[in-house]
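K.L.:
Dropping the structure in here first, questions after.
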Amino acid sequence: MIKQLTQAGIAAFVLVAMLYAGSAVAHGKVSLEEDPCVRKIGENMVHLSAYQPQYDESGHYCTDIPLAGDTYLVIDLIDSALRNMPVTVKVSRGGEADGETVMQLPVEYHPDGVVNGISKLEKGAYSVIVTAEGIPPLKYQFQLRVEMVDYMKLLRASIAPVMGLLLLAWLIYRLTQSKRFREWRTSRR
């Protein structure tokens with residue numbers, strides 16, 4: 005009985021570890037197609053990175069920015085076709101493209117493939133629109149969240165540990181209710 009419970013406990017631990025590890029996918033360890041910071045229209049892709057060196061010199065963010073303040077937005081024009089088109093970037097307050105404009109970069113060619121700008125972002129939701137003036141025009145949209153808690157991420161990260169604890173509690177309960185365990189406990193007294 006003890007051997008079976010030990011095996012079940014180990015299996016439960018391995019299952020919980022596998023489920024929990026899946027929620028810890030890092031930004032830099034995924035392919036471009038799976039990267040949440042990449043937007044794709046046809047064969048053309050752009051990548052957004054946000055930096056706040058006043059708080060964290062090495063930290064870079066995508067759509068969830070932890071603190072309000074000066075934010076460096078860097079858009080990488082991944083495909084060379086975009087480097088030969090005039091590109092503009094607009095940052096609007098609120099989750100919609102037609103909100104109050106916080107920052108707008110002029111329409112320019114970027115042969116090096118990098119578009120960057122600095123914007124002071126307060127707490128709230130923002131929309132970043134990258135427009136390539138091609139035929140037809142290509143619009144890439146990113147939704148930024150500044151100093152906001154993402155409750156879905158929090159919920160997903162906590163499901164596996166909670167399930168593991170519930171399973172462990174159930175196994176301990178089953179063990180303490182078993183006849184062999186009770187007999188073993190009474191023999192030890």
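Counted the way the working numbering counts, the sequence shown spans residues 5 to 193.
Built from N, CA and C at the ideal position, the CB exists for glycine as well.
Is it true that the CB of glycine 121 sits closer than 8 Å to the CB of arginine 87?
P.N.:
Your numbering for residue 87 matches position 83 in the sequence shown. Your numbering for residue 121 matches position 117 in the sequence shown. Cβ distance not < 8 Å, so arginine 87 and glycine 121 don't count as in contact.
K.L.:
Would you call the region 82 to 97 in contact with the region 168 to 176, where contact means no fewer than 3 C-beta pairs closer than 8 Å?
P.N.:
At 8 Å Cβ cutoff, the stretches do not touch.
K.L.:
Report the option in Tyr113, Leu125, Pro115 whose CA atom is closest to the CA atom of methionine 107.
P.N.:
Translated into the one-based positions of the sequence shown, residue 107 becomes position 103. Of the listed residues, the one whose Cα sits closest to methionine 107 is Leu125.
K.L.:
Please work out which residues of its chain come closer than 6 Å, Cβ to Cβ, to glycine 26, disregarding the five sequence neighbours upstream and downstream, and give them in chain order.
P.N.:
Residue numbering aside, residue 26 sits at position 22 when the sequence shown is read from its first letter. Bear in mind that the predicted position of glycine 26 carries a pLDDT of just 48, short of 50, making it unreliable; the figure below should be weighed with that in mind. Excluding positions up to five away in sequence, the list is empty.
K.L.:
Quick check: what's the CA-CA separation for valine 153 versus arginine 160?
P.N.:
Within the sequence shown, the letter at position 149 stands for residue 153. Within the sequence shown, the letter at position 156 stands for residue 160. When rounded, the distance between both Cα atoms is 13 Å.
K.L.:
Given arginine 97, which residues of its chain have a CB within under 7 Å of its CB, disregarding the five upstream and five downstream residues?
P.N.:
To locate residue 97, count along the sequence shown from 1; it is residue 93. Answer for arginine 97: Gly103, Glu104, Val106, Gly128, Tyr130, listed in chain order.
K.L.:
Figure out for me which residue from Val150, Lys157, Met49, Trp188 has the closest Cα to the Cα of serine 123.
P.N.:
Residue numbering aside, residue 123 sits at position 119 when the sequence shown is read from its first letter. The option with the nearest alpha carbon to serine 123 is Val150.
K.L.:
So what does DSSP say about serine 162, is it helix, strand or coil?
P.N.:
Within the sequence shown, the letter at position 158 stands for residue 162. Three-state result, serine 162: helix.
K.L.:
Kindly give me the distance between the Cβ atoms of serine 53 and valine 78, rounded to whole angstroms, as I take these residues to be in contact under 8 Å.
P.N.:
Here residue 53 corresponds to residue number 49 of the sequence shown, with the count starting at 1. Here residue 78 corresponds to residue number 74 of the sequence shown, with the count starting at 1. Right, the Cβ-Cβ distance comes to about 5 Å (below 8 Å), so this counts as a contact.
K.L.:
Measuring straight from C-alpha to C-alpha, what distance separates methionine 49 and alanine 164?
P.N.:
In the sequence shown, counting from the first residue as 1, residue 49 sits at position 45. In the sequence shown, counting from the first residue as 1, residue 164 sits at position 160. Roughly 34 Å separates the two Cα atoms.
K.L.:
Starting from threonine 135 and walking both ways along the beta strand (DSSP E), at which residues does that stretch end?
P.N.:
Locating residue 135 in the sequence shown gives position 131, where the first residue counts as 1. Note, threonine 135: beta strand (DSSP E), 128 to 136.
K.L.:
Please confirm whether valine 95 and valine 132 have their CB atoms less than 8 Å apart.
P.N.:
Numbered from 1 along the sequence shown, position 91 holds the residue referred to as residue 95. Numbered from 1 along the sequence shown, position 128 holds the residue referred to as residue 132. A contact, by the Cβ cut-off of 8 Å.
K.L.:
I'd like to check one pair, tyrosine 55 with tyrosine 76: are the Cβ atoms closer than 8 Å?
P.N.:
Taking the first residue of the sequence shown as position 1, residue 76 is located at position 72. Taking the first residue of the sequence shown as position 1, residue 55 is located at position 51. Contact flag set, yes.
K.L.:
Can you tell me where the beta strand (DSSP E) with alanine 54 in it begins and where it stops?
P.N.:
Residue 54 sits at position 50 when you count from the first residue of the sequence shown. Its beta strand (DSSP E) spans residues 48 to 55.
K.L.:
Determine the DSSP secondary structure at arginine 193, reduced to helix, strand or coil.
P.N.:
Within the sequence shown, residue 193 is the residue found at index 189, counting from 1. Of the three classes helix, strand and coil, the one that applies to arginine 193 here is coil, per DSSP.
K.L.:
From glutamine 46 to tyrosine 144, what does the alpha carbon distance come to, in whole angstroms?
P.N.:
Stepping through the sequence shown from its first residue, residue 46 is reached at position 42. Stepping through the sequence shown from its first residue, residue 144 is reached at position 140. It should be pointed out that residue 46 corresponds to glycine in this sequence rather than to glutamine. Between glycine 46 and tyrosine 144, the C-alpha separation is close to 11 Å.
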